[in-house]
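Trainee: Please see the structure below; I have some questions.
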Amino acid sequence: MSLPSVSELNQDLGEKFARLALGHVRRPYPFKLDQVLAGDEDVLPPRVLHPIFHGSFDWHSCVHGYWLLARLLRRLPDMPAAEDIRRLFNEMVVPEKVAGELAYLQRPTSAGFERPYGWAWLLMLAAELERHDAPWGAALQPLGVAFANRFKDFLPKATYPIRTGTHYNTAFALTLASDYARQVGDQELATLIEATARRWYLDDAGAQAWEPSGDDFLSPTLIEAECLRQVLPSAGFLPWLSNFLPDIAERRPKALFTPAMVSDRSDGKIAHLDGLNLSRAWCWRSISKALPLTDPARPVALAAADEHLAAGLEHVAGDYMGEHWLATFALLALEA
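Per our numbering, residue 11 is the first one in the sequence shown, and the count goes up by one each step.
Structure, rendered in structure tokens:
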């Protein structure tokens, strides 16, 4: 599938993304379980353990594959894939299947299941479905509430942030979870997310950006900045950013302005670096929106976004190691 070099979402690209996701959200294998076994009875096929999210190589990728489809359906309701998406959601996002996902989550051995990346993506999906005139949001609501409660239990005891560029990154999780809190009006969660982000990150300054690591799909530096952009008022964010990344206008730190090289797209970990380029594009675009029009850092940030988007977008399709998830991060970048 050929993907054009573009800077904004359009119907042609949305249709291609939708077809990619429709091709993998119900693809049963290969599948990587995130599971602690308590006995032989736990050795079951993914479709039994996870009635909805048993495709896309792993649970969290399946969740954000559904998010991608829901988002595209709302943004591009007349695209050719729209009816197939509605048919999928009508069949899969129903109370009895949500109950099966909830039952898995409530097992004693599932306390750390998908923390925090999968938690955050489930909340993003729940928030998106709330925006649709369809029964899907109400159906998924119990699972969304369950994961919101997990955040409420976890964040107060999480003394330190996790600054890796992979699934465990806490700034990314807070960024996504804040969208849910705003959409559903969960003020308790919104307040907790802001307080936690302030506690973890507000004193950070002079970021060195020693990245990327070999399997990053997030920039630890830029996703922290995007998290603070989301939770702080602009009057607080801009002074923080000027201390955290004071040399954007001079394209420093250099690493943040240099798209990552991907040596082997059939290697699932190395293929993460295509996602890094796309998620950096998302963060640079979002950060640039917060900068004044006269700030010399603004065009530099926008140019960095364009460079990273061009580097990542052409590789969204091709090998399944990237194809089962990269379109989600491409959409984040294009929407920003």
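For glycine and all other residues, C-beta sits at the position ideal for the given N, C-alpha and C.
It should be emphasised that the depicted structure is a prediction, and the values quoted were computed from it without experimental measurement.
Is the beta carbon of residue 236 sitting closer than 8 angstroms to the one on residue 265?
Mentor: Contact flag unset, no.
Trainee: For the putative contact between residue 40 and residue 65, defined by C-beta atoms under 8 angstroms, what is the C-beta separation to the nearest angstrom?
Mentor: Actually they do not touch by this definition, with Cβ atoms about 10 angstroms apart.
Trainee: Do you know how far the Cα of residue 285 is from the Cα of residue 296?
Mentor: Approximately 16 angstroms between the Cα atoms of the pair.
Trainee: Going by DSSP, what residue range makes up the alpha helix (DSSP H) through residue 146?
Mentor: 146–164
Trainee: Three or more beta-carbon pairs under 8 angstroms between the stretch 240–259 and the stretch 177–188, yes or no?
Mentor: These segments touch.
Trainee: Where do the N-terminal and C-terminal ends of the alpha helix (DSSP H) with residue 222 fall, by residue?
Mentor: No alpha helix (DSSP H) contains residue 222, which DSSP labels as neither H nor E.
Trainee: In terms of residues, what are the limits of the alpha helix (DSSP H) holding residue 261?
Mentor: Careful: residue 261 lies outside any alpha helix (DSSP H) and carries neither H nor E.
Trainee: Identify whether residue 12 lies in helix, strand or coil by the three-state DSSP scheme.
Mentor: The predicted position of residue 12 is uncertain, since its pLDDT is 49 and thus under 50; a value taken from the coordinates is nonetheless stated next. In the structure shown, residue 12 sits in coil (DSSP, three-state: anything other than H, G, I, E or B).
Trainee: Once the 5 residues before and after residue 59 are set aside, which same chain residues still bring their CB inside 6 angstroms of it?
Mentor: 114
Trainee: State yes or no: is the C-beta of residue 317 within less than 8 angstroms of the C-beta of residue 269?
Mentor: yes
Trainee: My output table needs one value for residue 279: the three-state DSSP class, helix, strand or coil.
Mentor: coil
Trainee: Residues in its own chain within less than 7 angstroms of residue 102 by CB, not counting five upstream and five downstream?
Mentor: 62
Trainee: How is residue 329 classed by DSSP in three states: helix, strand or coil?
Mentor: coil
Trainee: What runs of the beta strand (DSSP E), each 3 residues or longer, lie entirely inside the stretch 283–343?
Mentor: none
Trainee: Where do the ends of the alpha helix (DSSP H) carrying residue 105 lie?
Mentor: 105–115
Trainee: Suppose you measure from the CA of residue 158 to the CA of residue 133; what does that come to, to the nearest Å?
Mentor: 7 angstroms
Trainee: Do you know how far the Cα of residue 340 is from the Cα of residue 86?
Mentor: 16 angstroms
Trainee: What residue range does the alpha helix (DSSP H) around residue 185 cover?
Mentor: 180–194
Trainee: What did DSSP end up calling residue 88 once you bin it into helix, strand or coil?
Mentor: coil
Trainee: Determine, using beta carbons only, whether residue 6 and residue 124 come nearer to each other than 8 angstroms.
Mentor: Lying before the first or after the last residue shown, residue 6 is absent from the chain, which here runs from 11 to 346.
Trainee: Quick test of the definition: if touching needs 3 or more C-beta pairs under 8 angstroms, does the stretch 27–35 touch the stretch 318–336?
Mentor: Touching, per the Cβ criterion.
Trainee: Report the three-state DSSP secondary structure of residue 68 (helix, strand or coil).
Mentor: strand
Trainee: Less than 8 angstroms between the beta carbons of residue 80 and residue 135, yes or no?
Mentor: yes
Trainee: Flag this pair as yes or no: are the beta carbons of residue 29 and residue 91 separated by less than 8 angstroms?
Mentor: In this structure, residue 91 lies closer than 8 angstroms to residue 29 by Cβ.
Trainee: Once you ignore the five residues that flank residue 142 on each side, which residues in its own chain have a CB closer than 8 angstroms to its CB?
Mentor: 80, 83, 84
Trainee: Which same chain residues end up closer than 7 angstroms to residue 57 when comparing Cβ atoms and leaving out the 5 residues on each side of it in sequence?
Mentor: Spatial neighbours of residue 57 in its own chain (CB-CB distance under 7 angstroms, excluding positions within 5 residues in sequence) are listed in chain order as 38, 64.
Trainee: Could you give the first and the last residue of the continuous alpha helix (DSSP H) run that contains residue 246?
Mentor: 244–254
Trainee: Could you check whether residue 152 and residue 112 sit closer than 8 angstroms to each other, using their CB atoms as the reference points?
Mentor: yes
Trainee: In the DSSP assignment, find the unbroken alpha helix (DSSP H) run with residue 57 in it and report its ends.
Mentor: 56–59
Trainee: Can you list, in chain order, the residues of its chain with a C-beta nearer than 6 angstroms to that of residue 12? Leave out the 5 residues immediately preceding and following it.
Mentor: Residue placement at residue 12 is flagged as unreliable, the pLDDT there being 49, under the threshold of 50; the coordinate-derived value follows with that caveat. Once the five neighbours on either side are set aside, residue 12 has no close Cβ partner at all.
Trainee: Exposed or buried, which one is residue 290 when buried takes at least 16 other CB atoms within 10 Å?
Mentor: With 16 or more Cβ atoms within 10 Å of its Cβ, residue 290 is classed as buried.
Trainee: Quick check on the burial criterion: 16 or more other C-beta atoms within 10 angstroms. Buried or exposed for residue 342?
Mentor: buried
Trainee: Taking DSSP's pairing of strands, which residues face residue 42 in a bridge?
Mentor: 68
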